[in-house]
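Residue numbers (this note's numbering): 15 to 274. The beta carbon of each residue, even a glycine, is placed where N, CA and C say it ideally should be.
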């Protein structure tokens, strides 16, 4: 049934389901007063591990395979390397210039005095989620539904602990439980926009597939290394965060192999 859907709409619907997982993860905010710092660190570390494995097994490996079809191995490697670095640079520039606030590192970007703190948090998570949606779009753009499905499941798993962390942090900052839930859900709904962009580029020109896959991997690696891991590896629970990263990496690796 999935194979019968156009690639563009399949990627958008899949990314929407992954984005909605942010809201699923935020649901406990209606019942919980708080989650321990150690638990939050472990969950976010787990999400980082899932994204890390997805970057390698579901994006970079297919990118190398697609680039190597008609090129010398070194040329294929350079094409993928260029796409990877481009993704890193673009997300890095967005991270530098868009005002946002992290739970641990505090504010980054251009002076955010005119923005409420709540929207700085929303912008921070949006910066995380857009590359994830982009990766789903280009993942399905390969034409291999199993590859896109593995990415969708992995990103949905990553989004749930992130949604809970965002909702609890917003509620602790003074927002109502309902408002905290809706804002957490809102941060995930940017993912279909990224998926539409990624899939649209592939549909228009299959020749850009290797670069698009590598670009999405570079964007995700920037988020993992520059945003999530620094957030989770500060303080006494850093060891627990590392174990979470390894657990998420192993699960996503197994999922990717199991789904083909």
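*When DSSP labels each residue in this structure, what does residue 248 get in the three-state scheme?*
coil
*Find the nearest neighbour of residue 174 within the set 199, 194, 160 and 159, judged by alpha-carbon distance.*
The residue among 199, 194, 160 and 159 with its C-alpha nearest the C-alpha of residue 174 is 199.
*CA nearest to the CA of residue 177, picked from 164, 165 and 191*: 191
*Please confirm whether residue 147 and residue 72 have their CB atoms less than 7 angstroms apart.*
no
_CA nearest to the CA of residue 251, picked from 40, 160, 39 and 59_ = 59
*Which same chain residues, not among the five before or five after residue 51, have their C-beta less than 8 angstroms away from its C-beta?*
Result list for residue 51: 249 and 251, in chain order.
*Leaving out the 5 sequence neighbours to the left and right, which residues in its chain are closer than 6 angstroms to residue 57 when beta-carbon positions are compared?*
175
*Enclosing alpha helix (DSSP H) for residue 189 [first to last residue]*: Run containing residue 189: none; DSSP gives neither H nor E here.
_Spatially closest choice to residue 170 from 20, 36 and 259, by CA coordinates_ = 36
*For residue 93, which residues of its own chain have a beta-carbon under 6 angstroms away from its beta-carbon, when the five flanking residues on both sides are left out?*
Result list for residue 93: 81 and 224, in chain order.
*Check the C-beta distance from residue 207 over to residue 216 and give it rounded, since I have them as a contact under 8 angstroms.*
The pair is not a contact, with the Cβ atoms about 16 angstroms apart (cut-off 8 angstroms).
*From residue 64 to residue 269, what does the alpha carbon distance come to, in whole angstroms?*
The straight-line gap from Cα to Cα measures roughly 10 angstroms.
*Comparing alpha-carbon positions, which option in 101, 235, 181 and 25 lies nearest residue 201?*
181
*Report all residues from its chain with a CB closer than 7 angstroms to the CB of residue 69; omit the five preceding and five following residues, and keep chain order.*
231, 234 and 235
*Contacts around residue 263, its chain only, beta-carbon distance under 8 angstroms, and the 5 residues preceding and following it disregarded*: Taken in chain order, the residues that qualify are 63, 64, 66 and 67.
*For chain B, find out if any of its Cβ atoms is closer than 7 angstroms to the Cβ of residue 256; answer yes or no.*
Judged by its chain identifiers, the structure shown contains no chain B, having just a single protein chain.
_Same chain, Cβ closer than 6 angstroms to residue 131, five either side skipped, listed in chain order_ = In this prediction, residue 131 has a pLDDT of 49, which is less than 50 and means its spatial position is unreliable; nothing more can be read from the coordinates.
*asked:* If you measure between the beta carbons of residue 166 and residue 40, is that distance less than 7 angstroms?
replied: Annotated as distal: residue 166 and residue 40, with beta-carbon spacing of 7 angstroms or more.
*Mind reading off the beta-carbon distance from residue 145 to residue 105? Whole number of angstroms is fine, and I expect it under 8 angstroms.*
6 angstroms
*Within its chain, find whatever has a CB closer than 8 angstroms to the CB of residue 21; leave out the 5 residues flanking it on each side and keep chain order.*
The beta carbon of residue 21 sits closer than 8 angstroms to the beta carbons of 154, 155, 157, 213, 216 and 217 from its chain, once the five residues preceding and following it are set aside; these are given in chain order.
*Option in 209, 196, 258 and 110 with minimal Cα separation from residue 150*: 209
_Quick check on residue 44: buried or exposed, where buried means 16 or more other Cβ atoms within 10 Å of its Cβ?_
Taking every protein chain shown into account, the CB of residue 44 has fewer than 16 other CB atoms within 10 angstroms, so this residue is exposed.
*Which of helix, strand or coil DSSP assigns to residue 46*: coil
*Output the distance between the C-alpha atoms of residue 53 and residue 103, rounded to the nearest integer angstrom.*
If I take the Cα positions, the gap works out to 32 angstroms.
*asked:* Between which two residues does the alpha helix (DSSP H) holding residue 20 run?
replied: Where residue 20 is concerned, there is no enclosing alpha helix (DSSP H), given that its DSSP letter is neither H nor E.
*Find out if the Cβ-Cβ distance for the pair residue 197, residue 184 is shorter than 7 angstroms.*
Their beta carbons are under 7 angstroms apart, which means residue 197 touches residue 184 by this criterion.
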